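Colleague:
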Amino acid sequence: MSSSSTALRELQRDLENKANDLSKLQKGKTNETHSQLLLFFFSLFPICFQILRLRSPIVLFMYSLNGLSPDIAKNHQVRKKYTIQLGENELVLKELDLLNEDANVYKLIGLVLVKQDLAEANANVRKRIEYISAELKRLDGSLQDLEEKQHSKREAILKVQQRIQSHQAGKAKA
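Okay, so the sequence shown: first residue is 1 according to the UniProt record's numbering, each after it adds one.
#1: Can you give the beta carbon distance from Leu-99 to Val-125, rounded, assuming they're within the 8 angstroms contact cut?
#2: My output table needs one value for Leu-91: the three-state DSSP class, helix, strand or coil.
#3: Looking at Leu-143 and Asn-66, is the spacing between their C-beta atoms short of 8 angstroms?
#4: Return the first residue and the last residue of the beta strand (DSSP E) that Leu-113 is part of.
#5: Which one of Glu-135, His-151, Ile-129, Gln-116 has the shortest CA to CA distance from Leu-91?
#6: Mind checking Lys-159: buried by the 16 CB within 10 Å criterion, or exposed?
#7: So, is Lys-153 buried or exposed, given that buried needs 16 or more other C-beta atoms within 10 angstroms?
#8: Rounded to a whole number of angstroms, what is the C-alpha to C-alpha distance between Ile-157 and Gly-141?
#9: Ordered along the chain, which non-local residues of its own chain (more than five positions away) have a Cβ less than 7 angstroms from that of Glu-135?
#10: Residues bridged to Val-105 by DSSP?
#11: Quick one: is Ile-84 buried, meaning 16 or more other Cβ sit within 10 Å of its Cβ, or exposed?
#12: I'd like the list of long-range same chain contacts for Pro-70, defined as Cβ closer than 8 angstroms, with 5 residues on each side in sequence excluded.
#13: Can you give the Cα-Cα distance for Gly-87 and Lys-80, rounded to whole angstroms?
#14: Can you tell me the Cα-Cα spacing of Ala-121 and Lys-149, whole angstroms?
#15: Indicate the three-state DSSP secondary structure (helix, strand or coil) for Leu-99 in the structure shown.
Structure, rendered in structure tokens:
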């Protein structure tokens, strides 16, 4: 990133020099004509264009890269919640497997314990485990996509920085 800041500093220095020239023109300290004043303004365009050209891609990539971080953090948070739920449900399933077929099973609905058939409770827990596992798989795929996007954005930033460095090296040779 230092090479792009150096290039930007050089361009800003050029722009400041042009601004000083403009203030001299405005104060009438030079013998410039109207056409020379127009030429002066047109000479500013390449400098401004280069500043925008160097800065814009990096800024855009940085914003999009920073936008991915909250999504990745949210994915990790939701994944953690589902992992905990999966562990709890697997423990419940193990406990249900230890029970005899004639054992009483109760389900808490609101403030009331409701008697439930063991086979039905077993089926419900298995469905929950299936659902949570599918959600974890979906989250893993989503996380992989986000990380790939993040990686490609980082590579794009590096390419832009390398382009700036090569541009700056070419400018230094000239």
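Built from N, CA and C at the ideal position, the CB exists for glycine as well. All figures in this text were calculated on a predicted structure; none of them were measured in a lab.
Modeller: Once the coordinates are examined:
#1: Not really, about 12 angstroms apart at Cβ, beyond 8 angstroms.
#2: helix
#3: no
#4: 112-116
#5: Ile-129
#6: exposed
#7: buried
#8: 24 angstroms
#9: Tyr-82
#10: Gln-116
#11: exposed
#12: none
#13: 11 angstroms
#14: 42 angstroms
#15: coil
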